[in-house]
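Residue numbers (the numbering used here): 3 to 482.
Glycine residues also receive a C-beta, built at the ideal position from the N, C-alpha and C atoms.
If you're wondering where the values come from, they're calculated on a predicted model, not measured in any experiment.
Everything below concerns the one structure shown next.
Right, here's the structure in full:
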């Protein structure tokens, strides 16, 4: 956001086309910029920040990742990552070894010589669902206190509409307090990373969305993302407000598809239909497509739940009823309880019974348990008097943080089944998809399986004497 440019959507600067040129920067300046290595500062070494920093370093940028957590910086310098993400460690080791990726505890020194500063700090939901921008504001203050030359400040965290203007105002206030005039821009570059495939998502993006208001900022971000454009990945420039809304809109659409399928799964069960057949029937329609049409026990993670709530607040704050998104969240909350409800209809008294849970992370290939359906499953089982033995390939540490000593963490999937009266599959890790059925029979004392992700072979399990229940799958012998 250029100094002196209004954030009013009616401002022509907010409606620039990709061909608009600003008078403040010449084509000669842009060409000179393309000859130099871009230097980037990433503020925040969480999921988005570390993936962004490592991948940009991997395509040739000089990146410094900044975090005030000194212990975390020390770990990163030693090659220890704060979370599990396939393929990320290899990139961090490779780029760190070539000095393209460095880690620092202070923003001031990192800013010197930087062309762009990416804000990737957390924006957790407040009690009413609105995004907490306190970390974003603090980083903006620090930028204003240390800025010595032109940079483009890029908001990459998921933030509500108007955050770019807020960042601009905070930086400007700090510069005014210092009594200096330094030009800078603010841009929006929302992330679309999926946990478990984040490295591939970044390096082979379906699209890169950038909201800018000046040609100078556009030139720098064009250079940063030039390697991706060369590989035919779309770079979409738009106004800042549209870029800020795009991230919420994408997650709202995906969450809506999931909740619709989960709602339809209840209808299928009541009428003896199979949600898998329904998915095939509607997914073959090119207007709909097959992705994100899986029924299950609800979505979780750090994005969908908070972004749906934030979008509700964004709309309602301007008097727009957000009934659809409220319903999406309500359906999802209900769906997290479905697995235990199914089990209790089969085994009404769970007191003293042992229940195994396969999978704890909110999705495969990550250790993230934020708002994972497994949390509700374990808590509801414990509240019903059951003992819980769970296994997850990556989430033991996170599970203990979220659930304490309310459950037992098993050494492997079959250890979790020892003496169990029932099994609930909560996360579709690959190793759970084709289990050793005979080993399951030997370990379990009961035969009830609740497949919360519809990934097990129902007929095989039934042939071996198990009572299998999926989500949205009518039971054999159903009579209308």
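Counterpart residues of residue i in DSSP-defined beta bridges
| i | result |
| --- | --- |
| residue 389 | 356 |
| residue 41 | 64 |
| residue 471 | 452 |
| residue 410 | 391 |
| residue 154 | 118, 187 |
| residue 239 | 212 |
| residue 133 | 127 |
| residue 276 | 475 |
Beta-carbon separation (whole angstroms), residue i vs residue j, contact threshold 8 angstroms
| i | j | result |
| --- | --- | --- |
| residue 525 | residue 120 | For the chain, the structure presents residues 3 to 482; residue 525 sits outside this window and is missing. |
| residue 342 | residue 383 | 6 angstroms |
| residue 226 | residue 405 | Contact doesn't hold; Cβ gap of about 41 angstroms is too wide. |
| residue 298 | residue 473 | 6 angstroms |
| residue 192 | residue 249 | 4 angstroms |
| residue 219 | residue 251 | Not a contact, Cβ separation roughly 23 angstroms. |
| residue 2 | residue 330 | Only positions 3 to 482 of the chain appear in this structure, which leaves residue 2 out of reach. |
| residue 159 | residue 50 | 7 angstroms |
Range of the contiguous alpha helix (DSSP H) that encloses residue i
| i | result |
| --- | --- |
| residue 245 | 242-273 |
| residue 213 | Segment 210-213 is the beta strand (DSSP E) holding residue 213; no alpha helix (DSSP H) there. |
| residue 103 | Note, residue 103: premise wrong, no alpha helix (DSSP H); beta strand (DSSP E) at 103-106. |
| residue 310 | 306-318 |
| residue 332 | 325-337 |
| residue 434 | Where residue 434 is concerned, there is no enclosing alpha helix (DSSP H), given that its DSSP letter is neither H nor E. |
| residue 173 | 165-180 |
| residue 404 | 398-405 |
| residue 229 | 228-232 |
| residue 113 | 109-113 |
| residue 465 | 460-465 |
| residue 347 | 340-348 |
Within 8 angstroms, strictly: CB atoms of residue i and residue j
| i | j | result |
| --- | --- | --- |
| residue 426 | residue 345 | yes |
| residue 165 | residue 138 | yes |
| residue 56 | residue 94 | yes |
| residue 351 | residue 400 | no |
| residue 395 | residue 433 | yes |
| residue 533 | residue 90 | Outside the shown range of the chain (3 to 482) lies residue 533, about which nothing can therefore be said. |
| residue 365 | residue 429 | yes |
| residue 114 | residue 65 | no |
| residue 53 | residue 195 | yes |
| residue 68 | residue 112 | yes |
| residue 488 | residue 213 | Residue coverage of the chain in this structure runs from 3 to 482, which leaves residue 488 outside it and unanswerable. |
| residue 374 | residue 386 | no |
Segment limits, beta strand (DSSP E) that includes residue i
| i | result |
| --- | --- |
| residue 97 | That residue, residue 97, is in no beta strand (DSSP E); its alpha helix (DSSP H) goes 90-99. |
| residue 425 | 424-427 |
| residue 120 | 118-121 |
Open item on the list: For the structure I just gave you, are there three or more beta carbon pairs, one from the region 207-221 and one from the region 259-269, closer than 8 angstroms?
Closed with: no
Task: Any 3 or more C-beta pairs closer than 8 angstroms across the region 354-367 and the region 320-328 - done: no
Open item on the list: With three or more beta-carbon pairs closer than 8 angstroms as the criterion, would you say the region 162-181 touches the region 139-149?
Closed with: yes
- [ ] Count the C-beta pairs between the region 285-298 and the region 255-265 that are closer than 8 angstroms, then say yes if the count reaches three, no if not.
- [x] yes
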